[in-house]
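First up is the structure itself, then whatever we jot down about it.
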Amino acid sequence: MFSAEEKKSHDEHFKFGENWDAYSKTIGAADIKEAEVGLLRLLPAEEWRGKTIVDIGCGSGIHSLSMYRLGAANVHCVDIDPSSVNTTKSVLESFDIHTKTEVENILSPEHLDEYYDIVYSWGVLHHTGDMDLAIRNAAKHVAEGGYFIIALYRKTKTCDTWVPIKRWFTKRSKVTQTLVVWIYLFLRAINRIFKLKNPFTVFGAHKNKRGMKEYYDAFDWLGGYPYESSRPEETVAFVEGLGFETLLQPKKKKEKTGLFGSTCVEYVFRKVS
Ligand SMILES: C[S@@+](CC[C@H](N)C(=O)[O-])C[C@H]1O[C@@H](n2cnc3c(N)ncnc32)[C@H](O)[C@@H]1O
């Protein structure tokens, strides 16, 4: 499945799959609805209907599930982590959906079809260890006129500081990781009090976040290693250079401190040449 070198490097990666497995047990109807809303923010309903899609880094499978609910013809679900692949398979099968779910490293893909109408990879390519190569490899599989939908961390002033923290976190025991997650959530709640915002939102499900929940997102943020980030204008120029036009222009924002992390910028491109 992986070469010895790939295996060694993957052993140092955060095991996203365990987190997705735990999260998947909490998925309810409201989360699935939010996940669908998240997809419709990227493309209107008619653009999902009847499409062949690859979900690269499928994680919990909630978004692949939502694509089927929006009428996708076929969703090929791939992820580097076997635990994410198993979770996606069981989430889909619990809705009687049987599709191809495979372990795949986007840095050296072996199982992808030549082309898909939509290549979707949300919050993944910046965790591969080589974001540019990952973008290139994923983009190659977009059919002429098809969509390339990705989300990548926005560059902040403290992105470089977060890298060793994340690497440290991935090497800790589950007990230490859980403790660190609670401390992080507690500090974020305090920060919200200072900003005169409701601190309790930090401990629950968050709305308009694609069905995601704060606790699992915090694990994902603190552990998400390897980690890269980019400035939207750089990503747009890079992907346009691969023969795409930009349909969803990311908002221009001042570079933030990123004390509590970064957020993902969503991009929608269409293959034009
Ligand atoms: C932050 S999660 C995002 C999951 C999902 N796309 C979502 O939006 O909820 C990143 C996922 O990418 C997967 N991943 C990381 N590196 C990868 C690689 N090189 N190839 C394929 N998947 C990868 C991880 O295992 C993890 O499930």
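Converting from the sequence shown to this note's numbering requires adding 20 to each position, the first position being numbered 1.
Just so it is clear, CB atoms sit at the ideal spot from N, CA and C, and this is done for glycine as well.
- The stretch 161-170 makes no contact with the stretch 99-116: fewer than 3 CB pairs, one atom from each, lie closer than 8 angstroms.
- If you draw a straight line from the Cα of residue 251 to the Cα of residue 258, it is about 11 angstroms long.
- Taking C-beta atoms under 8 angstroms as the contact rule, residue 73 and residue 137 qualify, at a distance of about 7 angstroms.
- DSSP places residue 94 in the uninterrupted beta strand (DSSP E) bounded by 94-99.
- Around the beta carbon of residue 114, fewer than 16 other beta carbons sit within 10 angstroms, so the residue counts as exposed.
- Set against 7 angstroms, the gap from the CB of residue 106 to the closest heavy atom of ligand 1 is not smaller.
- In terms of side-chain proximity, the C-beta atom of residue 239 is found no nearer than 7 angstroms to any non-hydrogen atom of ligand 1.
- DSSP assignment within the stretch 51-107 yields the following whole alpha helix (DSSP H) runs of 4 residues or more, N-terminal first: 65-68 and 82-89.
- With fewer than 16 other CB atoms across the displayed protein chains lying within 10 angstroms of its CB, residue 69 is exposed.
- Rounded to whole angstroms, the separation of the alpha carbons of residue 215 and residue 78 is 34 angstroms.
- In the three-state reduction of the DSSP assignment, residue 253 falls in the helix class.
- For residue 205, the closest of 219, 195, 196 and 163 by C-alpha to C-alpha distance is 219.
- Residue 204 sits in a helix when the DSSP states are folded into three classes.
- In this structure, the straight-line span from the alpha carbon of residue 67 to that of residue 199 is close to 43 angstroms.
- According to DSSP, residue 169 shares a beta bridge with 140 and 288.
- When rounded, the separation of the alpha-carbon atoms in residue 87 and residue 276 is 32 angstroms.
- Taking the C-beta atoms as reference points, residue 278 is found nearer than 8 angstroms to residue 177.
- When only Cα atoms are considered, residue 201 and residue 264 end up about 39 angstroms apart.
- In the DSSP secondary-structure assignment, residue 272 is not bridged to any residue.
- Across the structure, residue 196 and residue 42 are spaced so that their CA atoms are roughly 17 angstroms apart.
- Judged by DSSP in its simplified three-state form, residue 283 adopts coil rather than helix or strand.
- By the Cβ test, the stretch 151-159 is not in contact with the stretch 51-64, since fewer than three Cβ pairs between them sit closer than 8 angstroms.
- For residue 229, the closest C-alpha among the options 283, 239, 207 and 247 is that of 283.
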